[in-house]
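Protein chains in written order, with the numbering used here: chain X, 48 to 1027; chain W, -7 to 87.
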């Protein structure tokens, strides 16, 4: 049984046969087929099970509007769920599987849901699972997730590559049907820079599905000829397999090009899809129209499709859904389907037309004023029941039913900038209204011009209008039939008649929504989930609205419509990610000593974009604490070196440099002497601490400012704001030099001795000549320019030395060689952190955006003698109340017990709850110098509570530890080591 | 969106960082007597117009200039782009 439903003709290549697999069975197809047409050719009507009720479902359409015919495409890591069979271009070896069925497609155990449909109607989530809340997560949700839903994920990383690109054009034409092709010809011949994008792999749109002629050609031939002429134009770019997914601001469009989905496997280095950002001067939407079905009892059986889809399968793909087909229509276009099918030898059981004055045919029977009232067939259609005007019923034997309820203009992209479609009475459809996206115009059936000749003319006119052309090209002759339609949405009395097949929403659900008071279109949508599936209700929204309008006794325009948002069709997340995956998600910044640290076996940690050495394990060290404790002890006992290049560095120059810093920092900078460094505290305007760092005055008009690693970018941005927006006449320039200088902290009692070995002899760095907080330009290693700062984060005698970045690696190696006699150790961020906690220096944990200078014990630094950023609002009443949080040190009474950052502090007695909260722990570490766990925290009136015992609690981890409040300066509180 | 930079011409909005209302340029004098009230207004009270809005954008991935962009918050239409420094000077800010 191969391709029993294949007819003659069509746009498929019969010289070549392709093999494919659906649900484990092997079939054949031809190039030019979609998976959908190939399945129909092989008489496969049953494709999947529905979302809620697990009803057998097949194809409804032949295009991207498909709500039903979804499969899991490909296998292994490339498996892609919920892929529309109607848009999958056939290739050899294609593998697809049915989804949402268990144990098999033909027998699905969960089809039992269908029998309980009364319990699963509109709003069932809200009604059934209200109480008790605890059951939701453990009981209801897993059951619903098992029962409802569609495809399953591979749970593996996507192995394919995706890309992003940017294109520019005078005119972007969206859709290459008759209107789009004619517009492109008009604009292309006039020399405009044109992009013509279409989601299909063959350009031509509806023309490929029709038998009438355009000019002297068949419709598909005319389309092919137009495409050939356009391909030859250097100013026209054709983008087949490209869906324009959204209209964004200022003429920017998003488009997804499927560069590899039609290939059995991707050539190496080729992306599977490309997300294009198209910058257009003007755009012309020629997205066509979508036929809508009519709702009637059991209208969701496999074999029941839109009439135009049947016509597409027959004309374009040479496939009929069944040898015997009936049509149910309210308009003349349904009859065109019947005559096209008849011409191809398909038996027409009858055309059921709701209109009393329906046109007759010599070729087949037309039942005027009749309606389809029910259907039969367990896994696919076998009979339809028709009610005749005289009250009698008749049964038609057929394997497929084509339904035509009229055509909806594809207005989606016109809504992406809040445009609201307007109702067109003659079409009984919404067409684009005002407030289109800037630069967009609409042509063809997307604008309600439904005839072929009308579409050609409208495309040419729209392109001419956009480009200010005075003459139109000659238009070919083509059908120009008027609209002949009687609005008809659903068969009266039906209940289980599907409106939205993807989300399993029936006519009854829409009526129930009205009954229960969810009457606005927005409520209808959310209560019933009508139109909320991946197809965004392309075949269902208008029918739903019409039913709502009818029960409300209103007109459709009075009822209103929901609007659409991007994307037009689903887009894989991979396309949005592009190449920004894994390690490429953000740039990785390496410190100048990175390669050297790697050779030393350092363990690295991500700090923003930076990779920093966290610790340097030595052979025999089995636990990170061993390494870190050793680095701390060695540094405090002799000397250690740490790469601190990642701190932000901002060069501030100009005659007003000091005055500028005086505004930016809360403490004074005007009087800082040349050759001196000062700790600087930066506030936000609301009085909270923004950042801290140092500013070194290298010359009267030259400072070097450091920021924390995390805030390097935002502090620079802030300083530029102050410079340009607040004090525009200050003579000051800023430049970020973070990457320009490699900077190392050299800390410990032997740090000076070590540096003296590399600093050139003409520079005296003795305590007298180069005291604590000194800074200066020096040279090292025989003439290399460098900067030296005597500043300390560890609390030891310490320096920071900076050399141009390219010498950073060499300097680190040299320091290690020269430091051998002092037993020098490199130390990483962990040891750095331990030492700063021992010293009570605040970092990001404490500068957390909710703390003031007063909280951090730095209140006296905020100068009252000058106006600086944040100096006014840090004085707000609540921020200076007597019980504000103050930075304290914490020690467990039993030194073995752990301090947990994030834990909260409670009084020794009394309840443990937020009302009695006294503060919280910000930082914690083990101090190898104190042989105890220690921490820093913020405690109400903390400075007045030294020696007090408190409970440190973490209810989440059931932790309670008795701690003592101590000074935050655990080591050398008088600062004698710094000044040694 | 596309911002027509006064020095560099049309640039994609992704090159910029947004701050907010351009009234942030009008920072009060912190030494004035009514400074507390003036700063409360400055830091916390903003208009939130449905329509034309003057706002600060920073060309972070570009020339690092701060711009005052006049943008319609309903349509995103940008009707004017100025260097914030020029706006600040015009509003009387100096050193």
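Built from N, CA and C at the ideal position, the CB exists for glycine as well.
Integer Cβ distance of residue 473 of chain X from residue 456 of chain X, believed to fall under 8 Å: For the purposes of this step, residue 473 of chain X is identified with residue 426 of the first chain, where counting begins at 1. For the purposes of this step, residue 456 of chain X is identified with residue 409 of the first chain, where counting begins at 1. Rounded to the nearest angstrom, the Cβ distance from residue 473 of chain X to residue 456 of chain X is 12 Å, too far for a contact under 8 Å.
Quick one: does residue 31 of chain W have its CB under 8 Å from some CB of chain X? Position 39 of the second chain, counting from 1, holds the residue named residue 31 of chain W. Yes, residue 31 of chain W lies at the interface with chain X (some Cβ there is under 8 Å from its Cβ).
Nearest-angstrom Cα distance between residue 86 of chain W and residue 772 of chain X? Within the second chain, residue 86 of chain W is the residue found at index 94, counting from 1. Within the first chain, residue 772 of chain X is the residue found at index 725, counting from 1. Note on geometry: alpha-carbon atoms of residue 86 of chain W and residue 772 of chain X lie some 10 Å from one another.
Is there a Cβ of chain W sitting closer than 8 Å to that of residue 764 of chain X, yes or no? Working through the first chain from its first residue, we reach residue 764 of chain X at position 717. Answer yes: the Cβ-Cβ gap between residue 764 of chain X and chain W drops below 8 Å somewhere.
Measure the Cβ-Cβ separation of residue 873 of chain X and residue 687 of chain X and say whether it is below 8 Å. The residue given as residue 873 of chain X occupies position 826 in the first chain. The residue given as residue 687 of chain X occupies position 640 in the first chain. The Cβ atoms of residue 873 of chain X and residue 687 of chain X lie closer than 8 Å to each other.
Report back the beta-carbon spacing between residue 842 of chain X and residue 1019 of chain X to the nearest angstrom; my notes put them in contact at under 8 Å. Against the first chain, residue 842 of chain X aligns to sequence position 795. Against the first chain, residue 1019 of chain X aligns to sequence position 972. Correct: roughly 5 Å between the Cβ atoms.
Just to make sure I have the definition right: I need the residues of chain X whose C-beta is within less than 9 Å of the C-beta of residue 16 of chain W. Which are they? Within the second chain, the letter at position 24 stands for residue 16 of chain W. Going along chain X in sequence order, the residues near residue 16 of chain W (Cβ under 9 Å) are 732, 768, 772 and 773.
DSSP state of residue 803 of chain X mapped onto helix, strand, coil: Counting from 1 along the first chain, the entry for residue 803 of chain X is found at position 756. Residue 803 of chain X: helix per DSSP, three-state reduction.
Using 8 Å as the Cβ pair cut-off and three pairs as the minimum, do the stretch 232 to 252 of chain X and the stretch 202 to 217 of chain X touch? Yes, the stretch 232 to 252 of chain X touches the stretch 202 to 217 of chain X.
Can you say whether residue 159 of chain X is buried or exposed, counting buried as having 16 or more other CB atoms within 10 angstroms of its CB? By one-based count along the first chain, residue 159 of chain X stands at place 112. Under this definition residue 159 of chain X is an exposed residue.
Would you please verify whether the beta carbon of residue 19 of chain W is less than 8 Å from any beta carbon of chain X? One-based indexing of the second chain puts residue 19 of chain W at position 27. In terms of beta-carbon proximity, residue 19 of chain W lines the interface with chain X, with at least one pair separated by less than 8 Å.
My parser needs the alpha helix (DSSP H) runs of 4 or more residues fully inside the stretch 363 to 443 of chain X; what are they? Under the rule that a run must span 4 or more residues, the alpha helix (DSSP H) segments found entirely inside the stretch 363 to 443 of chain X read 379 to 390.
How about residue 71 of chain W: is its C-beta nearer than 8 Å to some C-beta of chain X? Here residue 71 of chain W is taken as the residue at index 79 of the second chain, counted from 1. No, because no Cβ of chain X sits closer than 8 Å to the Cβ of residue 71 of chain W.
At the level of alpha carbons, what is the spacing between residue 540 of chain X and residue 322 of chain X? As a position in the first chain, residue 540 of chain X is number 493, starting the count at 1. As a position in the first chain, residue 322 of chain X is number 275, starting the count at 1. Residue 540 of chain X and residue 322 of chain X: Cα-Cα distance of roughly 47 Å.
Could one say the Cβ of residue 43 of chain W lies closer than 8 Å to chain X's Cβ atoms, at least one of them? Translated into positions along the second chain, residue 43 of chain W becomes position 51. Contact of residue 43 of chain W with chain X is not assigned, every C-beta pair being separated by 8 Å or more.
Does the CB of residue 68 of chain W have a neighbour CB from chain X at under 8 Å? Taking the second chain and counting its residues from 1, the one referred to as residue 68 of chain W is at position 76. Nearest CB-CB separation between residue 68 of chain W and chain X: below the 8 Å threshold.
Excluding the 5 residues preceding and the 5 following residue 73 of chain W in the sequence, name in chain order all residues of the same chain whose CB lies nearer than 7 Å to its CB. Mapped onto the second chain, residue 73 of chain W falls at position 81. Excluding positions up to five away in sequence, the list reads -5, -4, -3, -2, 59 and 61.
Expressed to the nearest angstrom, what Euclidean distance is found between the alpha-carbon atoms of residue 11 of chain W and residue 33 of chain W? The residue given as residue 11 of chain W occupies position 19 in the second chain. The residue given as residue 33 of chain W occupies position 41 in the second chain. Their backbone Cα atoms lie some 17 Å apart in a straight line.
Can you confirm whether residue 48 of chain W, when its beta carbon is compared against all beta carbons of chain X, has any partner nearer than 8 Å? By one-based count along the second chain, residue 48 of chain W stands at place 56. Closer than 8 Å to some Cβ of chain X, the Cβ of residue 48 of chain W qualifies, so yes.
Would DSSP call residue 729 of chain X helix, strand or coil? As a position in the first chain, residue 729 of chain X is number 682, starting the count at 1. DSSP places residue 729 of chain X in strand when its eight states are reduced to three.
Quick check: is the beta carbon of residue 91 of chain X nearer than 8 Å to any beta carbon in chain W? If you number the first chain from 1, residue 91 of chain X lands on position 44. Output row for residue 91 of chain X: interface = no.
Cross-chain neighbours of residue 920 of chain X in chain W, by beta carbon under 7 Å: As a position in the first chain, residue 920 of chain X is number 873, starting the count at 1. Contact note: residue 920 of chain X reaches chain W through 31 and 35, using a C-beta cutoff of 7 Å and chain order.
Who are the neighbours of residue 703 of chain X on chain W, taking C-beta pairs under 8 Å? Numbered from 1 along the first chain, position 656 holds the residue referred to as residue 703 of chain X. What residue 703 of chain X touches in chain W: 87.
Count the other CB atoms within 10 Å of the CB of residue 957 of chain X; is the residue buried (16 or more) or exposed (fewer)? Start at 1 with the first residue of the first chain, and residue 957 of chain X comes out as number 910. Answer is exposed; the Cβ neighbour count stays below 16.
Given a limit of 9 Å on CB to CB distance, which residues of the stretch 279 to 310 of chain X reach chain W? Hits within the stretch, in order: 295, 296, 297, 298 and 299.
Three-state secondary structure (DSSP) at residue 8 of chain W? As a working note, residue 8 of chain W is residue 16 in the second chain. In the structure shown, residue 8 of chain W sits in coil (DSSP, three-state: anything other than H, G, I, E or B).
Give a yes or no on whether the minimum CB-CB distance between residue 22 of chain W and chain X is below 8 Å. As a first step, residue 22 of chain W must be located in the second chain, where it is residue number 30. For residue 22 of chain W, the answer is yes, since a Cβ of chain X falls inside 8 Å of its Cβ.
Applying the 10 Å Cβ sphere with the 16-neighbour rule, what's the burial state of residue 562 of chain X? Taking the first chain and counting its residues from 1, the one referred to as residue 562 of chain X is at position 515. Exposed is the call here.
Just the Cα atoms here: how many angstroms apart are residue 1008 of chain X and residue 1001 of chain X? Walking along the first chain from the start, residue 1008 of chain X turns up at place 961. Walking along the first chain from the start, residue 1001 of chain X turns up at place 954. Whole-angstrom Cα-Cα distance: 9 Å.
Who are the Cβ neighbours of residue 77 of chain W in its own chain at under 8 Å, not counting the five residues just before and after it? Within the second chain, the letter at position 85 stands for residue 77 of chain W. Residues 57 and 58 of the same chain have their beta carbon placed closer than 8 Å to that of residue 77 of chain W, with the five preceding and five following residues left out of the count.
Runs of 3 residues minimum, wholly inside the stretch 272 to 351 of chain X: which ones carry the beta strand (DSSP E) assignment? You should have 283 to 286, 289 to 294, 299 to 304, 320 to 332 and 336 to 338.
Measure from the alpha carbon of residue 769 of chain X to the alpha carbon of each residue in X:364, X:105, X:915 and X:265, then state which is nearest. Taking the first residue of the first chain as 1, we reach residue 769 of chain X at position 722. Selected option, being the one with the closest Cα: X:915.
Which chain W residues are close to residue 914 of chain X, counting only those with a beta carbon under 7 Å from its beta carbon? As a first step, residue 914 of chain X is located in the first chain; it is residue number 867 there, counting from the start. Near residue 914 of chain X (Cβ distances below 7 Å), the residues of chain W are 21, 22 and 23.
Given that residue 776 of chain X touches chain C, what residues does it touch there, using C-beta distances under 8 Å? The chain inventory of the structure shown lacks chain C, comprising the protein chains X and W.
Would you call residue 697 of chain X buried or exposed, if buried means 16 or more other Cβ atoms sit within 10 Å of its Cβ? Counting from one through the first chain, the residue named residue 697 of chain X turns up at place 650. With a threshold of 16 other beta carbon atoms within 10 Å, residue 697 of chain X meets it and is buried.
If you measure from the beta carbon of residue 48 of chain X to each beta carbon in chain W, is any gap under 8 Å? Within the first chain, residue 48 of chain X is the residue found at index 1, counting from 1. Residue placement at residue 48 of chain X cannot be trusted, given a pLDDT of 46 that sits under 50; what the coordinates show is reported in the next sentence. With 8 Å as the cut-off, residue 48 of chain X does not count as an interface residue toward chain W.
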